[in-house]
Amino acid sequence: MVKPKAKAAKIPLEKLHPFKNHPYKVQDNEEMISLTDSIHENGILTPLIVRPLENTTAEYEVISGHRRLHAAEKAGLLEVPALIYAINRDAAAIAVVDSNLHREHILPSEKAFAYRLKAEALQHQGVASGQVVLKSDDGRTTAEIGISNNESYKTVQRYIRLTNLIPEILQKVDEGRIAFTPAVELSYLTEQEQCDLIDTMESEDCTPSLSQAQRIKKLSQEGHLNMDVIFAILTEEKSNQKEKLKIPVERVRGFFPKDYTAAQMEETIVKMCEGWYHKKMRDRDSR
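All residue numbers for the sequence shown refer to our numbering, where the first residue is 50 and numbers rise by one.
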């Protein structure tokens with residue numbers, strides 16, 4: 050396949066639009082502050098990748114460079130360097146996903162929506178080319194995505210399942226409060242059942258284990274799930290339950306970067322406690 054040629058240009062910021070359904074979050078965190086400072090001082094060193102937006106005059110959709118675009122806006126730039134590729138929406142969607150999937154830090158929700166976006170683009174490409182796309186093609190599509198990302202097609206399909214979760218539950222997956230496998234089970238619940246679940250999780254300060262999530266899913270499929278059942282399952286004592294120390298996030302949030310998840314804060318606090326303990330032991334031994 051012949052790769053499309055790129056055209057270099059300086060494009061005004063008002064002519065650039067984020068990719069529709071872009072799966073990756075652009076956050077105002079410490080990395081963004083650093084990037085903004087760098088762009089303010091040195092400009093954008095790596096051009097954005099864009100494509101012409103259909104049914105517009107000189108308007109472009111960003112394929113790669115959403116963080117740079119946001120930082121450029123914050124730095125007060127009026128235009129940015131870009132490479133323009135005349136490609137269609139499906140090819141652009143695949144490029145959007147592939148340009149970010151191998152980042153060091155990627156949230157489960159980002160990977161979920163990225164896999165879904167790429168799967169839909171690959172399937173649409175098959176339809177547009179006149180290929181007969183069967184329901185079983187879903188497996189071939191996810192297998193193709195898995196091969197390029199060193200994951201099984203089943204893992205890809207499980208990630209895509211997460212896109213059926215309501216935002217409040219998906220956020221807890223990103224924060225590490227709900228593990229991946231239980232989250233997949235919960236993705237089969239209806240929207241109302243998920244709302245009932247999150248209400249119970251918040252009021253009782255608990256999250257479902259894998260076995261609880263599987264039971265909740267089964268009861269949902271049988272038509273026997275309601276708020277009372279969810280409450281009964283989540284509040285039952287687990288056989289391996291250990292005593293927990295609970296600290297409201299609000300008490301420690303101000304000590305951490307804004308983009309830190311609850312899991313990252315917990316890990317940092319534990320490390321600080323370990324450091325405090327070892328220092329205490331050294332002080333005792335030196336007496």
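Ideal Cβ placement from N, Cα and C applies to all residues, glycine included.
### Task
Leaving out five residues on either side along the sequence, give the residues of the same chain with a beta carbon under 7 Å from the beta carbon of Phe280.
Looking up residue 280 in the sequence shown gives position 231. Result list for Phe280: Thr249, in chain order.
### Message
Taking only three categories from DSSP, how would you classify Ile296?
### Response
Taking the sequence shown and counting its residues from 1, one reaches residue 296 at position 247. DSSP places Ile296 in coil when its eight states are reduced to three.
### Task
Tell me whether Lys160 is buried or exposed, calling it buried when 16 or more other Cβ atoms sit within 10 Å of its Cβ.
Taking the first residue of the sequence shown as 1, we reach residue 160 at position 111. Classification for Lys160: buried.
### Task
Can you check the region 142-211 for any alpha helix (DSSP H) of at least 4 residues that lies completely inside it and give the ranges in chain order?
157-177, 186-197 and 202-210
### Query
Ends of the alpha helix (DSSP H) at Pro231?
Reading the sequence shown from its first residue, position 182 is the one you call residue 231. Start and end: Phe229 to Leu235.
### Query
Hey, is the region 146-164 in contact with the region 196-211, meaning 3+ C-beta pairs nearer than 8 Å?
yes
### Task
Quick one: give me the first and last residue of the alpha helix (DSSP H) that Lys123 is part of.
Reading the sequence shown from its first residue, position 74 is the one you call residue 123. Note, Lys123: alpha helix (DSSP H), His115 to Ala124.
### Validate contact between the region 121-139 and the region 91-106 using beta carbons, cut 8 Å, 3 pairs
yes
### Task
Note down the Cα distance separating Pro297 from Ala311, rounded to an integer number of angstroms.
Residue 297 sits at position 248 when you count from the first residue of the sequence shown. Residue 311 sits at position 262 when you count from the first residue of the sequence shown. Near 10 Å, if we compare the C-alpha coordinates of Ala311 and Pro297.
### Message
Tell me which residue opens and which closes the beta strand (DSSP E) that Ile215 is part of.
### Response
Here residue 215 refers to the residue found at position 166 of the sequence shown. Taken as a continuous stretch (DSSP letters only), Ile215 belongs to no beta strand (DSSP E), as it is neither H nor E.
### Query
Does the beta-carbon of Ile93 have 16 or more other beta-carbons within 10 angstroms, so that it is buried, or is it exposed?
One-based indexing of the sequence shown puts residue 93 at position 44. Ile93 should be labelled buried.
### Query
Nearest-angstrom Cα distance between Glu234 and Gln261?
The residue you call residue 234 lines up with position 185 of the sequence shown. The residue you call residue 261 lines up with position 212 of the sequence shown. Computed Cα separation, rounded: 10 Å.
### Query
When you compare only the Cα positions, how much space is there between Lys267 and Leu219?
Here residue 267 corresponds to residue number 218 of the sequence shown, with the count starting at 1. Here residue 219 corresponds to residue number 170 of the sequence shown, with the count starting at 1. Taking the straight line from one Cα to the other gives about 20 Å.
### Same chain only: Cβ atoms within 6 Å of His119, ignoring 5 sequence neighbours per side
As a working note, residue 119 is residue 70 in the sequence shown. Val75.
### Message
Taking DSSP's pairing of strands, which residues face Lys129 in a bridge?
### Response
In the sequence shown, counting from the first residue as 1, residue 129 sits at position 80. Per the sequence shown, the amino acid found at residue 129 is Val instead of Lys. According to DSSP, Val129 bridges with Ile60.
### Minimum C-alpha distance to Leu283 - residue among Cys255, Phe305, Gln270 and Glu299
Position 234 of the sequence shown holds residue 283. The shortest Cα separation from Leu283 among Cys255, Phe305, Gln270 and Glu299 belongs to Cys255.
### Query
Going by other Cβ atoms of all chains shown within 10 Å of its Cβ, with 16 needed for buried, is Pro61 buried or exposed?
As a position in the sequence shown, residue 61 is number 12, starting the count at 1. Exposed.
### Task
Have a look at Gly195, Glu242 and Glu80 and flag the residue whose alpha-carbon is nearest the alpha-carbon of Gln30.
Because the chain in this structure spans residues 50 to 336, residue 30 falls outside the shown range and cannot be described.
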